[in-house]
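Remarks on the structure that follows.
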Ligand SMILES: *Cc1c(COP(=O)(O)O)cnc(C)c1O
């Protein structure tokens, strides 16, 4: 069997969720959209079921997969529904929904629903992606509050730069939120992982941790609380071939890497078809038998090449960690001009194995 696999530590997932909750003492949605950021939505939901106050996903398709498997926990649709004919399914599957634009309001007010829905009304405080303008918010709130289709209303917004402590934007967004919702009542929610970890004054009634559940930091600098997270995914494989090259020889497609010294090249069963980033540069760290080495040469579809010259004890069959507890995904991401979020979400082809 091909040795490439992803090992998912469900105890670490639970640890990270509990850490998020412990920071506010209030409720927390576990964000498990996009197949739990590549970790497998269903096993992750099952692992968190006993703890999680609610789950959040990006679409009704993602939610129905959880319901079909027997998950009873409340589930929030982060962008609501996309077509009005989905509305009866929201009732049937007991889904909570975000409402973020006027078209959704009129669709909801025209719908004949067997039961009213729990609505999270989204305010645009400066992200400028989705949500109502502050000027329209109170009127929309009033409209929905009086509607028979609505069971409860929660106010939410989303930070654009919560991972940047000094941008000044988060304070501005928070102030605009508080000013706009003053006097409306209902629960409130603002914080993604960066907010959970760095903006306690914005914790409000519901946290919305995503990336931190999977043990990756949302910051590109060391942060105390983020250092308490436990990586959940280990992307692992093994050395499947070794070759010795003299100095001056090219390795791999395009001859991107040229050996500077006599070099022992290890070939790892892992490539961009598995989700390892093709843009990873020469020198991207990898762990071989517990020791640091580096990527040399372009990543190909099924294989990549590493430098074994300084690891004489390693060879055919040696264990390789591409990211995990010994090497954080965020560090690898930085070598490929991306973020850990994308590395996780791009996971493909490799079997996931679960422990915990
Ligand atoms: C994805 C998402 C989150 C989680 O964000 P992280 O940065 O992964 O913590 C929170 N809120 C909303 C609205 C989202 O879409």
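In my numbering, the protein residues as written are 50 to 405. For glycine and all other residues, C-beta sits at the position ideal for the given N, C-alpha and C.
8 Å contact criterion, which residue i and residue j should meet: CB distance rounded
i: residue 299; j: residue 311; result: That belief does not hold up - the Cβ atoms of residue 299 and residue 311 are roughly 15 Å apart, past 8 Å.
i: residue 313; j: residue 291; result: 6 Å
i: residue 74; j: residue 396; result: Between residue 396 and residue 74 the Cβ distance is about 33 Å, and since that is not below 8 Å, they are no contact.
i: residue 308; j: residue 301; result: About 11 Å separates the two Cβ atoms, so there is no contact after all.
i: residue 63; j: residue 102; result: Rounded, the Cβ-Cβ distance is 14 Å, inconsistent with contact.
i: residue 362; j: residue 287; result: About 15 Å separates the two Cβ atoms, so there is no contact after all.
i: residue 144; j: residue 124; result: 5 Å
i: residue 78; j: residue 257; result: 5 Å
i: residue 136; j: residue 190; result: Contact flag wrong, Cβ pair sits at about 20 Å.
8 Å CB neighbourhood of residue i in its chain, flanking five on each side removed
i: residue 277; result: 68
i: residue 243; result: 208, 211, 212, 267, 268
i: residue 376; result: 334, 335, 336, 341, 370
i: residue 127; result: 80, 82, 105, 106, 107, 147
i: residue 261; result: 65, 68, 69, 242, 245, 246, 267, 275, 278
i: residue 280; result: 58, 61, 263, 264, 265, 372, 373, 374, 377, 378
Under the three-state DSSP convention, the category residue i falls into
i: residue 293; result: strand
i: residue 390; result: helix
i: residue 368; result: strand
i: residue 230; result: helix
i: residue 201; result: strand
i: residue 109; result: helix
i: residue 218; result: helix
i: residue 281; result: coil
i: residue 81; result: coil
i: residue 238; result: strand
i: residue 265; result: coil
i: residue 303; result: helix
i: residue 161; result: coil
i: residue 356; result: strand
i: residue 330; result: coil
i: residue 248; result: coil
i: residue 57; result: strand
i: residue 120; result: coil
i: residue 260; result: helix
i: residue 272; result: coil
Cβ neighbours of residue i in the same chain (closer than 6 Å, five flanking residues each side left out)
i: residue 199; result: 165, 168, 193
i: residue 196; result: 158
i: residue 251; result: 223, 239, 240, 244
i: residue 174; result: 206, 222, 225, 226
i: residue 357; result: 313, 315, 363
i: residue 162; result: 140, 198
Any non-hydrogen atom of ligand 1 closer than 7 Å to residue i Cβ
i: residue 243; result: yes
i: residue 109; result: no
i: residue 260; result: yes
i: residue 13; result: Residue 13 is absent from the structure shown; the chain starts at 50 and stops at 405.
i: residue 334; result: no
i: residue 281; result: no
i: residue 361; result: no
i: residue 80; result: yes
i: residue 257; result: yes
i: residue 207; result: yes
i: residue 392; result: no
i: residue 172; result: no
i: residue 326; result: no
i: residue 267; result: yes
i: residue 127; result: yes
7 Å Cβ shell around residue i - same chain, five flanking residues per side excluded
i: residue 25; result: Not covered by the structure: residue 25. The range shown for the chain is 50 to 405.
i: residue 236; result: 203, 254, 255
i: residue 355; result: 315, 317, 335, 337, 342, 343, 344, 345
i: residue 112; result: 106, 124, 126, 142, 144
Distance cut-off 7 Å: residue i Cβ against heavy atoms of ligand 2
i: residue 386; result: Among the ligands present in this structure, namely ligand 1, ligand 2 is not found.
| said: Is it the case that the segment 397-405 contacts the segment 56-67, given that we only count it when at least three CB pairs across the two stretches are under 8 Å? | reply: The segment 56-67 makes contact with the segment 397-405: 3 or more CB pairs, one atom from each, lie closer than 8 Å.
| query | Would you call the segment 375-395 and the segment 260-274 touching, i.e. three or more CB-CB distances under 8 Å? | reply | Contact holds: three or more Cβ-Cβ distances are below 8 Å.
| task | Could you say if the segment 322-338 and the segment 374-386 meet the contact criterion of at least three C-beta pairs nearer than 8 Å? | result | Of all C-beta pairs linking the segment 322-338 to the segment 374-386, three or more are shorter than 8 Å, placing the two stretches in contact.
| Cβ contact check for the segment 92-99 and the segment 134-149: 3 or more pairs under 8 Å | As far as the Cβ criterion goes, the segment 92-99 does not touch the segment 134-149, which means the pair count is below three.
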